[in-house]
Amino acid sequence: MRNVTLMDVFTHPIAQKYLRRSGVAHAVACAYHAYRLAVKSGVDPDVATKAALLHDIGHYEWYTDGEWDYEKYKQNDIHAIKGAERAHKLLIRLGEEPKAAKEIALAILLHTDSYLPEGDLDKNKLQQIVKKADELDEEPGGNHHYRKIDPELAAEKIKQLDRMVEQARLPMKKTV
Ligand SMILES: [Fe+2]
Numbered sequence: 001m002r003n004v005t006l007m008d009v010f011t012h013p014i015a016q017k018y019l020r021r022s023g024v025a026h027a028v029a030c031a032y033h034a035y036r037l038a039v040k041s042g043v044d045p046d047v048a049t050k051a052a053l054l055h056d057i058g059h060y061e062w063y064t065d066g067e068w069d070y071e072k073y074k075q076n077d078i079h080a081i082k083g084a085e086r087a088h089k090l091l092i093r094l095g096e097e098p099k100a101a102k103e104i105a106l107a108i109l110l111h112t113d114s115y116l117p118e119g120d121l122d123k124n125k126l127q128q129i130v131k132k133a134d135e136l137d138e139e140p141g142g143n144h145h146y147r148k149i150d151p152e153l154a155a156e157k158i159k160q161l162d163r164m165v166e167q168a169r170l171p172m173k174k175t176v
């Protein structure tokens, strides 16, 4: 059994607030992509799905006169840093293992390199998965942040993903 399920994370008011800001549909889709990628590459789908679900919760709304200001966003954005910190705090509060919470926070921190200095970082498998999951759901013009999903359907999908993660971890537990 896991200390914290995806549903625990998803239904928390802090997660709800920030997931709505950056797009619930995008977060759910990324969590599913991360699940597939994690199972394929032998990474724990529990941490991969949590990191992907929460990867964008650090977003801030950059507006000028009521209009989204892309330039302002590009210059000032630190959503990966803020997201990593927010996710870590939320997970620890929910009772997540500190080691897992750290891994998840680091994967969120490194899911985009738009704010990092030039040059390739040596990312681990989990970090690569979360970045890839995000890219797989990306739409031109940032439209993936605005795609809508019925809240009940989103919760249903998260519940389903919890079951898939539990299932996928059964053989992993036996070997540990
Ligand atoms: Fe994203």
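The numbering of the sequence shown is UniProt numbering, which starts it at 1 and goes up by one.
We put the CB at the ideal spot given by N, CA and C, even for glycine.
Is residue i near residue j, with beta carbons less than 8 Å apart?
i	j	result
H33	A52	yes
A84	L116	no
R169	P45	yes
V28	K157	yes
I104	V43	no
R21	E61	yes
V165	T11	no
G23	H144	yes
L94	D8	yes
A133	C30	yes
Tell me the DSSP bridge mates of residue i?
i	result
Y63	W68
Item to check | Length-filtered (4 minimum) alpha helix (DSSP H) runs lying within the UniProt domain "HD" (23–139) | outcome: Listed in chain order, the complete alpha helix (DSSP H) runs (minimum 4 residues) inside the UniProt domain "HD" (23–139) are 24–41, 45–54, 70–76, 79–94, 98–109 and 125–136.
Checklist entry - Quick check: the region 43–63 against the region 83–102, are there 3 or more CB pairs under 8 Å? => result Remark: three or more beta-carbon pairs, one from each stretch, lie closer than 8 Å, so the region 43–63 and the region 83–102 are flagged as touching.
Item to check | Sufficient close CB pairs (3 or more, under 8 Å) joining the region 2–20 to the region 126–140 | outcome: no
Checklist entry - Of all residues in the structure, which have a C-beta closer than 6 Å to any heavy atom of ligand 1, taken in chain order? => result Counting every residue whose Cβ lies closer than 6 Å to a heavy atom of ligand 1, we get H26, H55, D56 and D134.
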